[in-house]
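Q: This structure is in structure tokens; I'll ask about it shortly.
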Amino acid sequence: MKRTYNFNAGPAAIPLAVLEKAQSELVDFNGTGMSVMELSHRSKSYEEVHNRASALLKELMGIPEEYEVLFLQGGASLQFAMIPMNFLKSETDAHFIMSGVWSEKAQSEASKIGNTNILASSKDDRYTYIPETFEDPAEGSYIHLTSNNTIYGTQWQDFPITKLPLIADMSSDIMSREFDVSRFSLIYAGAQKNLGPSGVTVVIVKKDMLAETNEQIPAILKYSTHSKQNSLYNTPPTFAIYMLSLVLEWIQEQGGLAAIEALNNKKASLLYDCIDQSGGFYSGHAEKTSRSAMNVTFTLKNEELTKAFIKESIESGFSGLGGHRSIGGCRASIYNAVPIEACQALADFMANFQKKHA
Ligand SMILES: *Cc1c(COP(=O)(O)O)cnc(C)c1O
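What follows is the structure, encoded as structure tokens:
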């Protein structure tokens, strides 16, 4: 069997050990004589999987008692709408820190529900950095930020302390590093970058926020509905949650978030060093102080060279190195499941490509 060096942005690499475990119990899960996919979501066997995923997430991220973990559907994109529907009070603002296209989408959806205000933005500089300093507002419903900008390859280094509830889209860097969950009132992430397959969205929400939800919206869109029913209000994406539980077990076996973070930094350094030592042959999109350890974005001198780079990379067994269609260039997404060997192989490939084409 030959596994590709997978640098896809999302859906993305899943640890081989997790895929193999899922394969080994695919047709008979835990002696049930059924696949996890065939179990009732009300059965004891499934409920154990569901609760284990939630407990492991809490343990590994150090989530305090006053938070709940929810498993929802609809991706991060549904959260862009659900958050303002639940928490944006009329006559107040939802504040946004704009660091990329995903922040824009979140703000755009909120603006359909109520008032929004842009606290800070790096749009004028092509989103090459995170606008980490801003005036902390005292009035408003909440502040929203995007912790890692999947498309531009920038990442918050230090999260702010804010007066208003702080909400973060962590779709592309959740569980990639340690951080203080208690700074946030709500964290959300589609699973398909760092947590497993698409289909489940993790929401971590402070219990005191749940009491604030707007009562005038449909039950399925209310966080309190899902919280009261342990994310079993309707049929959850059972197989995706099972895969998430296996990914979480894998993270635990790797030594938890501290070990994962150290390895992620090493992986990112291999590629950034290659860019920095290329004498301008490769040029990073992100400013150094805002560089992402998850998505490494870079350009080559011209379109022709970029095309040749992508073409040769595919021939050499690398997948997913084309940049997002909105900014072009190249991007290597090096989420938790991408092994350091793949990053070393890419760094070697980049150095060789430069020798050949310089
Ligand atoms: C991928 C991504 C999204 C979109 O997620 P969906 O699950 O497809 O809705 C939103 N925000 C960020 C930061 C992302 O990386």
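The sequence shown runs 12 to 369 under the numbering used here.
Glycine residues also receive a C-beta, built at the ideal position from the N, C-alpha and C atoms.
For clarity, every value in this text was computed on a predicted model and none was experimentally measured.
Tell me which residues share the same chain as residue 134 and place their Cβ nearer than 7 Å to its Cβ, disregarding the 5 neighbours each side in the sequence.
A: Residue numbering aside, residue 134 sits at position 123 when the sequence shown is read from its first letter. 109, listed in sequence order.
Q: If residue 340 sits next to residue 308, beta carbons under 8 Å apart, how far is it from one beta carbon to the other, in whole angstroms?
A: Walking along the sequence shown from the start, residue 340 turns up at place 329. Walking along the sequence shown from the start, residue 308 turns up at place 297. That belief holds up - the Cβ atoms of residue 340 and residue 308 are roughly 6 Å apart, short of 8 Å.
Q: With a threshold of 6 Å on Cβ separation, who are the neighbours of residue 179 within its own chain once the five nearest residues in sequence on each side are excluded?
A: For the purposes of this step, residue 179 is taken as the residue at position 168 of the sequence shown. Once the five neighbours on either side are set aside, the close Cβ partners of residue 179 are 156, 158, 195 and 198.
Q: Sorry if obvious, but does the Cβ on residue 113 come closer than 7 Å to a heavy atom of ligand 1?
A: Along the sequence shown, read from residue 1 onward, the residue named residue 113 stands at position 102. Result yes, Cβ under 7 Å from ligand 1.
Q: Since residue 178 sits in a beta bridge, which residues does DSSP pair it with?
A: Here residue 178 corresponds to residue number 167 of the sequence shown, with the count starting at 1. Bridge partners of residue 178: 155 and 197.
Q: Is residue 343 near ligand 1, going by C-beta to nearest heavy atom under 7 Å?
A: If you number the sequence shown from 1, residue 343 lands on position 332. Not so, every heavy atom of ligand 1 lies at least 7 Å from the Cβ.
Q: Tell me whether residue 351 is buried or exposed, calling it buried when 16 or more other Cβ atoms sit within 10 Å of its Cβ.
A: Along the sequence shown, one-based indexing puts residue 351 at 340. Looking at its Cβ environment, which holds fewer than 16 other Cβ atoms inside 10 Å, residue 351 is exposed.
Q: For residue 186 and chain C, any beta-carbon pair shorter than 8 Å?
A: Included in the structure is just one protein chain, with no chain C present.
Q: Per DSSP, what kind of secondary structure is residue 109 in: helix, strand or coil?
A: By one-based count along the sequence shown, residue 109 stands at place 98. Residue 109: strand per DSSP, three-state reduction.
Q: Residue 104 bridges to which residues according to DSSP?
A: Within the sequence shown, numbered from 1, the residue matching residue 104 stands at position 93. For residue 104, which the question treats as bridged, DSSP gives the partners 126.
Q: Just checking my contact of residue 344 with residue 18 at CB under 8 Å: how many whole Å lie between their CB atoms?
A: Taking the sequence shown and counting its residues from 1, one reaches residue 344 at position 333. Taking the sequence shown and counting its residues from 1, one reaches residue 18 at position 7. Indeed, because the Cβ distance is near 5 Å, the residues count as touching under 8 Å.
Q: Any heavy atom of ligand 1 closer than 7 Å to the CB of residue 224?
A: To locate residue 224, count along the sequence shown from 1; it is residue 213. Residue 224: no, Cβ never under 7 Å from ligand 1.
Q: As a quick exercise: from 364, 34 and 36, pick the residue whose alpha carbon is nearest that of residue 318.
A: For the purposes of this step, residue 318 is taken as the residue at position 307 of the sequence shown. When only C-alpha atoms are compared, the closest one is 364.
Q: Are the stretch 115-128 and the stretch 249-256 in contact at 8 Å, needing three or more beta carbon pairs?
A: no
Q: Give a yes or no on whether the C-beta atoms belonging to residue 216 and residue 314 are separated by under 8 Å.
A: Numbered from 1 along the sequence shown, position 205 holds the residue referred to as residue 216. Numbered from 1 along the sequence shown, position 303 holds the residue referred to as residue 314. No.
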